[in-house]
Amino acid sequence: MSQLPGIGKRTALRLVLHLLRQPKTQTEHLVEALGTLRQEIKFCKQCHSISDVEICDICSNTSRIQHVICVVEDIRDVMAIESTGQYKGLYHVLGGKISPLDGVGPQNLNISSLIEKAKSGMVKELIFALSATMEGDTTNFYIYKQLEDIEIKTSTIARGIGVNDELEYADEVTLGRSIINRIPFENALKNS
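So the sequence shown is numbered by the numbering used here: it starts at 1309 and just counts up by one.
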């Protein structure tokens, strides 16, 4: 249990003791559910998100904008963006980001299939939605350089000060980007 992310030894012990106090059938249902998870959940053949079918519900939804792809690190990012209800395009899940210190290079990610999609001519825009870290920016730049000879629009999600954030607590990079990427006040009124 302590090998799960975010679970330390004390929490693992509490979880195990809790499971031991539960009726045997409840624990057996948990074991069965975990087995089903490993057997039936797969990766979508188009976007690499998790799915219980070959092509996930998002990729197979013909009402979504098929020529716009949002590039994300993992399924949690897809879930976060989907929860806003604002994005109607497709996704491409990289499965991580380039991090030489962790031994993760471009070959370890789902980048080549993204480049193939871009080369197909079916994609008109890629939206980079990776975290604003050195690794995220490196991954964005690497993909951008791979697309140099392809006619495709690239954009990145806006970065800056969050709603209800106090300026004094913002880091310098975030505050600086917010100043550089400022928008006309009229636009801010429209989005309020």
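Glycine residues also receive a C-beta, built at the ideal position from the N, C-alpha and C atoms. Fair warning: this is a prediction, and the values are worked out from it, not measured in the lab.
Cα-Cα separation, residue i to residue j
i, j, result
"residue 1325", "residue 1318", "11 Å"
"residue 1472", "residue 1478", "11 Å"
"residue 1507", "residue 1333", "Residue 1507 lies beyond the residue range present for the chain, which begins at 1309 and ends at 1500; the question has no answer from this structure."
"residue 1350", "residue 1446", "28 Å"
"residue 1355", "residue 1343", "24 Å"
"residue 1405", "residue 1388", "18 Å"
"residue 1310", "residue 1321", "8 Å"
"residue 1483", "residue 1419", "31 Å"
"residue 1402", "residue 1412", "12 Å"
"residue 1323", "residue 1341", "17 Å"
"residue 1385", "residue 1378", "10 Å"
"residue 1382", "residue 1357", "7 Å"
Three-way DSSP call (helix, strand, coil) for residue i in this model
i, result
"residue 1425", "helix"
"residue 1361", "coil"
"residue 1383", "helix"
"residue 1398", "strand"
"residue 1391", "helix"
"residue 1310", "coil"
"residue 1371", "coil"
Neighbourhood of residue i by C-beta, 7 Å cutoff - its chain only, sequence neighbours within 5 removed
i, result
"residue 1427", "1458"
"residue 1407", "1443"
Cut-off 6 Å between Cβ atoms - residues of its own chain near residue i, not counting five sequence neighbours on either side
i, result
"residue 1422", "1400"
"residue 1469", "1478, 1486"
"residue 1362", "1353"
> Quick one: complete alpha helix (DSSP H) runs, 4+ long, within the region 1430-1496?
Replying inline: Here the runs fully enclosed are 1442-1454, 1480-1488.
>> Below 8 Å, how does it come out for the region 1434-1443 and the region 1461-1473: are there three or more Cβ pairs, yes or no?
In response: By the Cβ rule, the region 1434-1443 counts as touching the region 1461-1473, because three or more pairs are nearer than 8 Å.
>> Restricting to runs no shorter than 4 residues, where is the alpha helix (DSSP H) found entirely within the region 1316-1367?
In response: Inside the region 1316-1367, DSSP marks whole alpha helix (DSSP H) runs of 4 or more residues at positions 1317-1329, 1332-1348, from first to last along the chain.
> Is the region 1436-1450 touching the region 1354-1374, taking contact as three or more C-beta pairs under 8 Å?
Replying inline: Verdict: no, contact absent.
>> Closer than 8 Å is the cut-off here; do at least three beta carbon pairs connect the region 1389-1400 with the region 1355-1369?
In response: Result yes; three or more Cβ-Cβ pairs closer than 8 Å.
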